[in-house]
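Asks: Here our numbering = 1-based position in the sequence shown + 52. Just so you know, even glycine gets a beta-carbon here, dropped at the ideal spot from N, CA and C. None of these values were measured; they are calculated from a predicted model.
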Amino acid sequence: MPEEVVRQLVICFLMEELGYSVNSLQVEKSLVVNGLEKRCDILGLDGNTRPFLLIECKAPSIKLAQKVFKQIAWYNMPLQVPYLMVTNGMVTYCCRMDYSARTFQFIQTVPPFSPAVSK
53 MPEEVVRQLV ICFLMEELGY SVNSLQVEKS LVVNGLEKRC DILGLDGNTR
103 PFLLIECKAP SIKLAQKVFK QIAWYNMPLQ VPYLMVTNGM VTYCCRMDYS
153 ARTFQFIQTV PPFSPAVSK
């Protein structure tokens with residue numbers, strides 16, 4: 053199964069199980085990181101259209117090693133999203149970022165869509 057199939061399955065899961073809409077998901081979103089143009093696999097937006105969940109997908113044959121976590125951390129530098137997720141379709145890791153404490157915590161579930169919040 054190629055990475056693209058994993059990406060499409062993740063999109064279906066986000067929409068059918070967690071309440072994300074087509075409009076709240078950006079696929080292969082262009083990012084500029086330290087002057088280099090990169091593309092993240094999936095960027096989930098909250099109800100206020102702010103980046104909320106950054107997802108990196110790999111093919112099932114790719115082990116989710118430190119290199120993959122470094123890649124998503126690199127992509128997250130300009131975004132500073134609250135949640136990161138990496139998956140190869142067989143194994144999924146999701147974490148909540150705490151930028152003030154400069155830490156993160158692995159969580160058991162992927163966060164559902166977060167509706168708009170009035171300011």
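Give a yes or no on whether the C-beta atoms belonging to Val85 and Pro134 are separated by under 7 Å.
Replies: no
Asks: Would you please state the rounded distance, in angstroms, between the beta carbons of Phe156 and Gly71? I believe it to be under 8 Å.
Replies: About 24 Å separates the two Cβ atoms, so there is no contact after all.
Asks: Which one of Leu83, Val62, Met142 has the shortest CA to CA distance from Ile124?
Replies: Leu83
Asks: Contact criterion: CB-CB distance below 7 Å. Does Lys119 meet it with respect to chain C?
Replies: In the displayed structure, chain C is absent; only one protein chain is listed.
Asks: Select from Lys90, Gly99, Val120 the residue whose C-alpha is nearest the C-alpha of Cys146.
Replies: Val120
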